[in-house]
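Down below is the structure, laid out as structure tokens.
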Amino acid sequence: MQNTILNNTEEKIRLMIVDDHKLFRCGIKSLFKNSPCVCVVAEASNGKEGISKIVAQNPDVVLLDLELGDINGLDLIEKVSAQKPNVKFAILTSHINEHVINKAMKMGIYGYILKDINTELLDLIVQSVSRGAMWIDKKAVQILRELNPNVVPNTQVSRSNFKQTHANLTAREYEVLKLVVEGKSNQQIADELNISEHTSKAHVCNIIQKLVVDDRTQAAVKAIREGIV
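Under my numbering, the sequence shown has 423 at position 56, and the numbering climbs by one with no breaks.
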């Protein structure tokens with residue numbers, strides 16, 4: 368029985384939490400306690416402890432706050448990323464700061480998430496980040512657009528360039544997007560593609576973020592407008 372449990376754990380996404388508030392760490396651990404896809408393998412209350420445990424535990428994804436008491440979260444990433452290039456970092460914070468967002472993006476983080484995030488969505492975001500997808504809160508996206516208008520434009524791309532621009536959508540995500548346009552629910556998508564509802568939700572979450580929209584309705588509208596379906 369022990370080996371079975373260990374094997375199941377090893378198959379899950381290995382998540383680490385770095386935050387100086389114990390109550391918040393407990394809340395995050397509780398959230399992922401019953402997750403079928405994610406397990407929390409370590410936690411740290413400050414930057415020094417975080418660096419040590421990231422090196423020792425080699426998690427797939429690290430959720431970390433910006434203010435860790437001893438060092439800044441971005442400084443932690445800078446110190447450890449060279450040693451652990453495969454670890455994917457996502458900022459989980461209460462603050463929106465133009466300088467920090469811009470610096471974080473240039474450092475190659477995979478997520479900028481506000482702490483008022485929906486708990487179910489956070490699970491999906493961790494799964495997306497583990498696969499190399501990027502998730503940026505819509506408030507941070509707006510700041511990025513203002514700071515980098517040539518990189519994150521406000522205007523929609525032309526119909527003829529849509530597929531090339533969104534080539535990062537996988538073949539499966541295109542299938543899911545077409546069903547979203549048809550008005551299918553997550554369960555209906557799951558049934559049609561013979562996948563779990565949880566996986567269906569994860570695909571929809573990825574699509575929403577890759578198309579830089581707020582919800583599935585906007586994703587459907589953008590897909591129609593830009594000629595994807």
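For every residue, glycine included, the Cβ atom is placed at its ideal position computed from N, Cα and C. Computed from a predicted model, the values in this text were never measured in an experiment.
Counting only unbroken stretches of 3 or more residues, the beta strand (DSSP E) elements lying wholly within the segment 404–474 are 405–411, 428–431 and 455–460, in sequence order.
No Cβ-Cβ contact shorter than 8 Å links residue 380 with residue 554.
Contact check for residue 564 against residue 551 fails: the beta carbons are separated by 8 Å or more. The shortest CA-to-CA distance from residue 548 to any of 421, 466, 448 and 571 is the one to 571.
Scanning its chain for C-beta atoms nearer than 7 Å, with the 5 sequence neighbours on each side dropped, one finds around residue 535 the residues 577, in chain order. Beta-carbon to beta-carbon, residue 507 and residue 479 are separated by about 5 Å, close enough to satisfy the 8 Å threshold. As far as DSSP is concerned, residue 394 takes part in no beta bridge.
Residue 457 places its beta carbon 8 Å or farther from that of residue 422. Apart from sequence neighbours up to five positions away, the residues of its chain that approach residue 431 with a beta-carbon distance below 6 Å are 385 and 440, ordered along the chain.
In this structure residue 510 does not touch residue 556 by the C-beta definition: roughly 32 Å separates them, more than the 8 Å allowed. Between residue 513 and residue 466, the alpha-carbon positions lie close to 12 Å from each other. For residue 385, the uninterrupted beta strand (DSSP E) segment begins and ends at 380–385. If you draw a straight line from the Cα of residue 418 to the Cα of residue 566, it is about 32 Å long. By the Cβ test, the segment 441–452 is not in contact with the segment 481–495, since fewer than three Cβ pairs between them sit closer than 8 Å.
In the three-state reduction of the DSSP assignment, residue 479 falls in the strand class. Taking all protein chains in view, the Cβ of residue 460 is crowded by 16 or more other Cβ atoms within 10 Å, so the residue is classified as buried.
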